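Asker:
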Amino acid sequence: MKLILENWKKFIKENQQSNRISLSDVEALFKYFHVSKKKLNDNEPFVFNPRVPKKPYKHQGYVIEDDFTERISLATKVIEAAEAVIAEDGDTYWVYAADMHSIADDDLDVVSLQVTLQKCKDNLDSEDNQYGREYDFGKFLTKHSKEPELRKVVKRTKKEVGYLGKYHPEDAKDLINSPNELPPKLKKQWFACVPDAEDTNEFWSLENTRMYLLGSYTAYSDYLNLTDEGLKLIESIRNSTRYNRSKNLEFLMYSV
Numbered sequence: 156m157k158l159i160l161e162n163w164k165k166f167i168k169e170n171q172q173s174n175r176i177s178l179s180d181v182e183a184l185f186k187y188f189h190v191s192k193k194k195l196n197d198n199e200p201f202v203f204n205p206r207v208p209k210k211p212y213k214h215q216g217y218v219i220e221d222d223f224t225e226r227i228s229l230a231t232k233v234i235e236a237a238e239a240v241i242a243e244d245g246d247t248y249w250v251y252a253a254d255m256h257s258i259a260d261d262d263l264d265v266v267s268l269q270v271t272l273q274k275c276k277d278n279l280d281s282e283d284n285q286y287g288r289e290y291d292f293g294k295f296l297t298k299h300s301k302e303p304e305l306r307k308v309v310k311r312t313k314k315e316v317g318y319l320g321k322y323h324p325e326d327a328k329d330l331i332n333s334p335n336e337l338p339p340k341l342k343k344q345w346f347a348c349v350p351d352a353e354d355t356n357e358f359w360s361l362e363n364t365r366m367y368l369l370g371s372y373t374a375y376s377d378y379l380n381l382t383d384e385g386l387k388l389i390e391s392i393r394n395s396t397r398y399n400r401s402k403n404l405e406f407l408m409y410s411v
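For what it's worth, this note's numbering labels the leading residue of the sequence shown as 156, then goes sequentially.
Right under this line is the structure:
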């Protein structure tokens with residue numbers, strides 16, 4: 156009985172390891188990755204719709220990132236996708252992939268946050284307030300407190316909350332808490348602004364995106380545990396790639 160149990164444990168271990176794939180191998184097959192604590196769908200490919208995060212980046216009680224643009228957060232490496240959600244060592248996530256290298260017509264049009272960061276700095280920086288993790292949104296509001304459209308927003312908000320009295324520049328700091336509440340002209344300055352973008356390799360897809368569940372990932376290991384469907388998908392891509400390479404080789408041989 157003991158021998159049967161040991162053999163069974165060995166079988167399970169070997170079967171689990173056969174579904175493992177290194178991060179470098181899977182990153183050679185797909186361009187972008189997304190991680191989630193929860194399963195977003197069943198094991199089949201699905202279309203993921205962009206959305207605004209429920210917990211945008213905050214500092215001193217103010218939201219200091221774009222909290223109005225619907226997007227899907229992506230990274231070109233699985234570890235970077237985990238870093239983007241501030242994963243702790245040993246946390247487990249479901250890994251989704253998009254944009255196969257081997258298929259030309261599924262290329263995603265993405266926004267690089269590292270590229271847009273400079274635009275954000277140009278729009279939001281002031282001499283004593285540099286855009287980043289400790290950006291002072293209150294100072295931004297004070298800087299623009301004389302903007303007619305911002306004054307209108309503040310006056311309307313004051314009326315809604317029963318806040319009486321004449322307009323004062325400090326009212327904006329008390330009543331506006333995020334870029335989403337700004338008038339269009341100021342709101343536009345915050346497009347794709349995320350304060351820690353300098354430290355991450357984050358991309359946004361702004362369109363409905365076909366995603367593939369590959370398997371589970373334990374931060375910060377160097378492999379994935381593929382689901383059965385994920386394993387079949389990887390094998391299918393590899394077989395297709397080998398077939399295309401052999402066809403190209405045949406073409407080259409006969410064209411010489």
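Think of the CB as a built atom: it goes at the ideal place given N, C-alpha and C, for glycine as much as any other residue. Keep in mind it's a predicted model, so treat the numbers as computed, not measured.
Report yes or no: do the region 364 to 375 and the region 296 to 306 share at least 3 C-beta pairs separated by less than 8 Å?
Answerer: Contact between the region 364 to 375 and the region 296 to 306 is absent, because fewer than three Cβ pairs lie under 8 Å.
Asker: Taking three-plus beta-carbon pairs below 8 Å as touching, is the region 271 to 279 in contact with the region 222 to 233?
Answerer: With the cut-off at 8 Å, the region 271 to 279 and the region 222 to 233 do not touch.
Asker: Return the first residue and the last residue of the alpha helix (DSSP H) that T312 is part of.
Answerer: That run of the alpha helix (DSSP H) goes P303 to V316.
Asker: When DSSP labels each residue in this structure, what does L407 get in the three-state scheme?
Answerer: Residue placement at L407 cannot be trusted, given a pLDDT of 36 that sits under 50; what the coordinates show is reported in the next sentence. DSSP places L407 in helix when its eight states are reduced to three.
Asker: Helix, strand or coil: how does DSSP classify L184 here?
Answerer: Coil.
Asker: Taking the alpha-carbon of F358 as reference, which of K387, E238 and N198 has the nearest alpha-carbon?
Answerer: With distances taken between Cα atoms, F358 lies closest to E238.
Asker: In three-state terms, what does DSSP make of N284?
Answerer: Strand at N284.
Asker: Does T231 come out as helix, strand or coil in the three-state DSSP assignment?
Answerer: If DSSP states are grouped into helix, strand and coil, T231 belongs with coil.
Asker: Examine the ligand PLP and report whether any of its heavy atoms sits within less than 7 Å of the Cβ of D329.
Answerer: In terms of ligand content, the structure shown is empty, and the ligand PLP therefore cannot be addressed.
Asker: Got a sec? Which residues, its chain only, sit under 6 Å from L407 by beta carbon, not counting five neighbours each side?
Answerer: Here L407 scores only 36 on pLDDT, less than 50, and its place in the model should not be relied on; the value that follows carries that caveat. For L407, where only same-chain residues beyond five positions count, there are no Cβ hits under 6 Å.
Asker: Which residue or residues does DSSP assign as beta-bridge partners of S267?
Answerer: Paired residue(s): F358.
Asker: Report the partner residues of F201 according to the DSSP bridge assignment.
Answerer: According to DSSP, F201 bridges with M366.
Asker: Use the C-beta contact count for A236: other C-beta atoms within 10 angstroms, 16 or more gives buried, fewer gives exposed.
Answerer: Classification for A236: buried.
Asker: If you drop the 5 nearest sequence neighbours on each side, which residues of the same chain put their C-beta closer than 7 Å to that of Y322?
Answerer: Taken in chain order, the residues that qualify are R306, V309 and K310.
Asker: Give a yes or no on contact between the region 253 to 272 and the region 338 to 356, applying the rule of three or more CB pairs nearer than 8 Å.
Answerer: At 8 Å Cβ cutoff, the stretches touch.
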